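Numbering (my numbering), first residue to last: 293 to 879.
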């Protein structure tokens, strides 16, 4: 999970101190910290683009009465209706604006990260108040009429004056970010920030106690607030569509309905064939007790093989795994280790490592600008699920993975072969927990959440209805019984954090990743050989040059088209699932 979450999560390390440590010392240091802290769907298709991001007219302020641009120390106040064009002053103001917005993001993301990992329980309200104040200040700065006028001047054809493509992209993205907030009352946005901060704390307790009733009122308040905020953003537009589009530009219920229909057409019958197959891979050989400290050592080895920079990475513990980054020099991965399930840690680390690689791979020139970070939630999940599944669950990776596991758990894995490890990592087993799901059933977990989010946002369902609806849909789509709320609707933190609309990007990101993999292979990359070697540099470099480098400066559909030579299509994903599981299960 990456956190907005259209931006992504972080904490702080002493860089000078880190620079003095070897990788081995960092591994030891991380272990000590851990021990101590417990076809075909085309995005260019016109009717798939239900949401527009064009700027709409806003409240008019009489000419000459506009305020000066606030909060940009170090330069003279800039009148919003400046009569004399001054491109140099405007560019200086743009830089100051970006740096002040960056400082707010850094503080906000850092506090959110601590809140999801190591903050004491009693600090929740204090953190919520600080976050709300920072949110209000950043919104006031971005949405002031003076900022709007500055961006309008810089986006005109006569503004020469923009020195490079980076500045042009900055103006475009800032205008888009401004459109999303300019008509939202700052006090309501701040109240929402306080609400979700408190809600996240309540969710942690409710999950531990299997107590849906204590969380349900918060979910009702969150959905009501999100409907109201959506109406400020885009009056008259379906509220769920507004949030889907915010997490993935150009998406809507019409888009996702077609996407999930095409995925279901493949997954449901293939799952039935797999369930009836005589060949039955097992993961019994990888069951047992796996010491937590050694699992963190495994996590560090996986971070190293993925290619993460230890000079800019912090690992910590949390209830629900996440990754985020303050800059390209500061990424955070938070995970939850289960001593009876080593695979959970392995694939969580690869998943969150994919998020962190994306953040570390963004053009460093974007660090203090609105271009820093991933272009969308779907593109971010494409990176995480790419390393978790297309690399991590591949047969080629079973060799490097087995070597790591034998190093830390020799008594257990010395008797396991690479082929057995591969099969164990790809057992298809419908079960109630999303983050432990196999590749084939995973999109069905997302479909359940997508359909329930539609009901919540339309008002057709209340929070009190969700446990029964959840259990019903899990029986329908996966044929499994949900034992309780902890293993059902309380298993994920997203709704508590106000991220309704994020879930579909997990499935979409998985499909994006299949298209990137297909492009690498079609360009002649020795896919199996690269992964089997344990040196993933060719894969990282392809992703860096085609995706990561651009940060937010390009939209997802433009990145996909340029990287793969075609618009987004689902067939690469469905072909991959068919070929892989037909082979494993002898279909």
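Note that beta-carbon positions come from the ideal geometry of N, C-alpha and C, so glycine has one too.
Keep in mind the model is a prediction, meaning the values are calculated, not measured.
{"query": "In its own chain, which residues sit with a C-beta less than 6 Å from the C-beta of residue 499, not counting the 5 before and 5 after it?", "result": "778, 782"}
{"query": "Considering only C-alpha positions, which residue in the set 552, 771, 505, 457 is nearest to residue 563?", "result": "771"}
{"query": "When burial is assigned at 16 or more other CB atoms within 10 Å of the CB, is residue 864 buried or exposed?", "result": "buried"}
{"query": "Given a threshold of 16 other Cβ atoms within 10 Å of its Cβ, counted over all protein chains shown, does residue 815 qualify as buried or as exposed?", "result": "exposed"}
{"query": "Going by other Cβ atoms of all chains shown within 10 Å of its Cβ, with 16 needed for buried, is residue 628 buried or exposed?", "result": "exposed"}
{"query": "Grouping DSSP H, G and I as helix and E and B as strand, with all else coil, what is residue 569?", "result": "coil"}
{"query": "Considering only the alpha carbon of each residue, which of 579, 609, 574, 601 lies closest to residue 585?", "result": "609"}
{"query": "Spell out the partners DSSP gives residue 394 in its beta bridges.", "result": "In the DSSP output, where bridge partners are listed per residue, residue 394 has none listed."}
{"query": "Would you mind giving the Cβ-Cβ distance between residue 443 and residue 470, rounded to the nearest angstrom? I have them listed as a contact below 8 Å.", "result": "7 Å"}
{"query": "Give me, in chain order, the residues of the same chain whose beta-carbon lies closer than 6 Å to that of residue 595; leave out the 5 immediate sequence neighbours on both sides.", "result": "645"}
{"query": "Looking at residue 740: is its Cβ nearer than 9 Å to the Cβ of residue 765?", "result": "yes"}
{"query": "Considering just the uninterrupted stretch of the beta strand (DSSP E) at residue 623, what are its terminal residues?", "result": "622 to 627"}
{"query": "Below 6 Å CB to CB, which residues in the same chain sit around residue 635 once its five sequence neighbours on both sides are set aside?", "result": "none"}
{"query": "In terms of residues, what are the limits of the alpha helix (DSSP H) holding residue 591?", "result": "584 to 598"}
{"query": "For residue 607, list the residues DSSP reports as bridge partners.", "result": "625"}
{"query": "Which residue from 698, 839, 656, 613 puts its Cα closest to that of residue 855?", "result": "839"}
{"query": "Under a three-way DSSP split, which group does residue 527 fall into?", "result": "coil"}
{"query": "Give the DSSP-derived three-state secondary structure of residue 788 in the structure shown.", "result": "coil"}
{"query": "Could you check where the alpha helix (DSSP H) with residue 643 kicks off and where it finishes?", "result": "634 to 653"}
{"query": "Classify residue 653 as buried or exposed, calling it buried when 16 or more other Cβ atoms lie within 10 Å of its own Cβ.", "result": "buried"}
{"query": "In terms of alpha-carbon separation, which member of 434, 502, 405, 448 lies closest to residue 774?", "result": "502"}
{"query": "Quick check on DSSP: helix, strand or coil for residue 656?", "result": "helix"}
{"query": "Could you name the residues of the same chain whose beta carbon sits closer than 7 Å to that of residue 382, not counting the 5 residues immediately before and after it, in chain order?", "result": "442, 445, 446"}
{"query": "Report back the beta-carbon spacing between residue 508 and residue 755 to the nearest angstrom; my notes put them in contact at under 8 Å.", "result": "4 Å"}
{"query": "Quick check on residue 630: does DSSP put it in helix, strand or coil?", "result": "coil"}
{"query": "Between the beta-carbon of residue 389 and the beta-carbon of residue 433, is there less than 9 Å?", "result": "yes"}
{"query": "Taking 8 Å as the cut-off, does the stretch 522 to 529 touch the stretch 468 to 483 (at least 3 CB pairs, one atom from each stretch)?", "result": "yes"}
{"query": "At what residues does the alpha helix (DSSP H) containing residue 739 begin and finish?", "result": "734 to 750"}
{"query": "What do you get for residue 810, buried or exposed, if any count of 16 or more other CB atoms within 10 angstroms of its CB means buried?", "result": "buried"}
{"query": "In chain order, what residues of the same chain lie with their CB nearer than 6 Å to the CB of residue 656, ignoring the 5 residues before and after it?", "result": "620"}
{"query": "Buried or exposed for residue 706, going by 16 or more other Cβ atoms inside 10 Å?", "result": "exposed"}
{"query": "Leaving out the 5 sequence neighbours to the left and right, which residues in its chain are closer than 6 Å to residue 574 when beta-carbon positions are compared?", "result": "none"}
{"query": "Helix, strand or coil, according to DSSP, for residue 783 in the structure here?", "result": "coil"}
{"query": "Could you give the first and the last residue of the continuous alpha helix (DSSP H) run that contains residue 812?", "result": "796 to 814"}
{"query": "Identify, in the order they occur along the chain, each residue of the same chain with its Cβ nearer than 8 Å to the Cβ of residue 841, setting aside the five sequence neighbours on each side.", "result": "653, 654, 655"}
{"query": "Measure from the alpha carbon of residue 538 to the alpha carbon of each residue in 616, 667, 871, then state which is nearest.", "result": "667"}
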